[in-house]
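Read through the structure below, which is laid out as structure tokens, and then see the notes.
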Amino acid sequence: MKNGVTMADSNYERVEIFSRGNFTNKAILLARKHRTICLLLSCVYTSQYRMAYDIKWIIPKLRNPTRLWNFASSLTFAAVGIFSKIFIKLLNKTTVYNKHIISNVLDKRPRDVPLITVSNHYSCFDDPGIWATLDLRHLCSRRKIRWSLAAHDICFTNIWHSYFFMLGKCIPIIRGDGVYQDAINFCIEKLGCGEWVHVFPEGKVNMLKEHLRLKWGVGRLILESPVTPVVIPIYHLGMDDVLPNEPPYMLKIGKRVTTYYGEPIDFSGILAQLRASNASDVDARKAITDRIDEELLKLKAVTEKLHVKL
Numbered sequence: 657m658k659n660g661v662t663m664a665d666s667n668y669e670r671v672e673i674f675s676r677g678n679f680t681n682k683a684i685l686l687a688r689k690h691r692t693i694c695l696l697l698s699c700v701y702t703s704q705y706r707m708a709y710d711i712k713w714i715i716p717k718l719r720n721p722t723r724l725w726n727f728a729s730s731l732t733f734a735a736v737g738i739f740s741k742i743f744i745k746l747l748n749k750t751t752v753y754n755k756h757i758i759s760n761v762l763d764k765r766p767r768d769v770p771l772i773t774v775s776n777h778y779s780c781f782d783d784p785g786i787w788a789t790l791d792l793r794h795l796c797s798r799r800k801i802r803w804s805l806a807a808h809d810i811c812f813t814n815i816w817h818s819y820f821f822m823l824g825k826c827i828p829i830i831r832g833d834g835v836y837q838d839a840i841n842f843c844i845e846k847l848g849c850g851e852w853v854h855v856f857p858e859g860k861v862n863m864l865k866e867h868l869r870l871k872w873g874v875g876r877l878i879l880e881s882p883v884t885p886v887v888i889p890i891y892h893l894g895m896d897d898v899l900p901n902e903p904p905y906m907l908k909i910g911k912r913v914t915t916y917y918g919e920p921i922d923f924s925g926i927l928a929q930l931r932a933s934n935a936s937d938v939d940a941r942k943a944i945t946d947r948i949d950e951e952l953l954k955l956k957a958v959t960e961k962l963h964v965k966l
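Using this note's numbering, you'd call the opening residue of the sequence shown number 657 and step up by one each time.
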């Protein structure tokens with residue numbers, strides 16, 4: 657008891673607030689008469705609230721896919737890929753520059769060499785919109801298409817959303833939880849298998865299109881990848897016209913989209929220099945991320961000029 661208020665009183669008040677929007681009037685009256693029941697309701701409500709954000713089961717599930725899972729994943733990529741391609745290429749005017757760069761890497765890189773792509777993030781339709789510019793043989797191939805980091809509090813809020821994005825090879829990342837989290841560890845595992853990981857290093861949808869400090873998670877991916885990855889920068893404009901960042905959040909048609917694939921960034925020299933100088937992990941991640949930032953800024957200038965001319 658504190659200041660005449662017991663723990664039961666405190667729990668009762670907490671649940672009464674919760675119950676205003678979630679329980680019937682009869683339940684509220686019952687809770688007022690039986691505060692022990694009210695305490696139980698509080699525990700149930702709290703556990704349900706926490707379960708909505710429990711993502712610990714997801715990455716272990718992704719590590720051990722079954723044949724049925726892989727089949728369902730292939731269907732998901734085919735459905736989403738074809739829909740996105742129709743929308744981006746047929747219902748909107750999309751101009752793609754240097755697509756041969758990523759096509760050649762997807763087709764010809766050695767099996768043990770991983771691929772990392774990085775791009776700006778202006779719309780929730782960026783992924784899958786960017787990949788709608790790929791050939792169907794890449795877009796609909798579960799084996800060749802990317803793994804992508806996705807915000808856990810947006811894409812993994814319930815079990816149905818979770819399964820959909822998991823089948824689409826999305827990995828839940830907890831923004832603000834640092835570079836040493838399960839999602840980054842999982843990506844490094846996939847890079848070690850020679851797979852493709854896509855990263856939005858801005859860490860969020862950049863609605864104001866301002867220059868943001870890039871997150872260092874991508875620096876850790878490149879630094880700790882067992883084999884130095886091919887890193888392709890991508891810049892795009894117009895995706896936020898196709899899916900605006902304001903209500904009613906409906907896809908549009910007849911918009912202009914420009915996608916520019918940059919030349920691969922060679923990190924072999926930077927990595928050798930960092931290791932020779934015994935740079936700390938923090939300094940190394942920063943140096944790598946700064947290099948990506950430089951390339952994205954160059955692509956931004958080029959893409960903006962091309963987009964205006966269309």
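All C-beta atoms in this analysis are idealised placements derived from N, C-alpha and C, irrespective of residue type, glycine included.
As the structure is a prediction and not an experimental result, all values here were calculated from the model.
- By the CB criterion at 8 Å, Thr732 and Thr789 fall outside the cutoff.
- Closest option to Ser797, judged by alpha-carbon separation, among Asp939, Asn726 and Asn814: Asn726.
- Counting along the chain, Lys749 sits inside no alpha helix (DSSP H); it lies in the beta strand (DSSP E) bounded by residues Lys749 to Tyr753.
- Judged by DSSP secondary structure, Cys826 falls within the beta strand (DSSP E) whose first and last residues are Cys826 to Ile829.
- For Pro889, the pairing in a beta bridge is given by DSSP as Val774.
- Excluding the 5 residues flanking it on each side, Ile715 has same chain C-beta neighbours closer than 6 Å at Asp838 and Phe842, in chain order.
- Per DSSP, Val958 has no beta bridge partner at all.
- Remark: C-beta atoms of Tyr917 and Ile758 approach each other more closely than 8 Å.
- Residue pairing by DSSP places His794 opposite no residue, since no beta bridge is assigned to it.
- In summary, Asp809 is exposed, with fewer than 16 beta-carbon neighbours lying within 10 Å of its beta-carbon over all protein chains present.
- Here DSSP, grouped into helix, strand and coil, assigns His963 to helix.
- In this structure, the straight-line span from the alpha carbon of His794 to that of Gly848 is close to 20 Å.
- Pairing Ile944 with Pro857 gives a Cβ-Cβ distance that is not under 8 Å.
- According to DSSP, Ala806 shares a beta bridge with Pro828.
- Burial state of Lys871 is buried, judged by a 10 Å Cβ sphere holding 16 or more other Cβ atoms.
- Between the alpha carbons of Thr959 and Ile827 lies a distance of about 29 Å.
- Counting along the chain, His854 sits inside the beta strand (DSSP E) bounded by residues Trp852 to Val855.
- Spanning the alpha carbons of Glu845 and Trp803 requires a straight line of approximately 11 Å.
- In the structure shown, Arg723 falls within a helical segment according to DSSP collapsed to helix, strand and coil.
- Classified as exposed, Arg869 has fewer than 16 neighbouring CB atoms from the shown chains inside 10 Å of its CB.
- In terms of CA proximity to Glu902, Leu864 leads the group Gly859, Val769 and Leu864.
- Residue state for Tyr819 is assigned as helix, using DSSP reduced to three classes.
- Comparing alpha-carbon positions, the option among Asp710, Ser924 and Leu771 lying closest to Thr813 turns out to be Asp710.
- Note on Gly925: under 16 other CB atoms within 10 angstroms of its CB, so exposed under the neighbour-count rule.
- In this structure, Ile772 and Pro885 form a Cβ contact; the two beta carbons are roughly 5 Å apart against a cut-off of 8 Å.
- If you check the CB distance, His892 and Asn776 come in under 8 Å.
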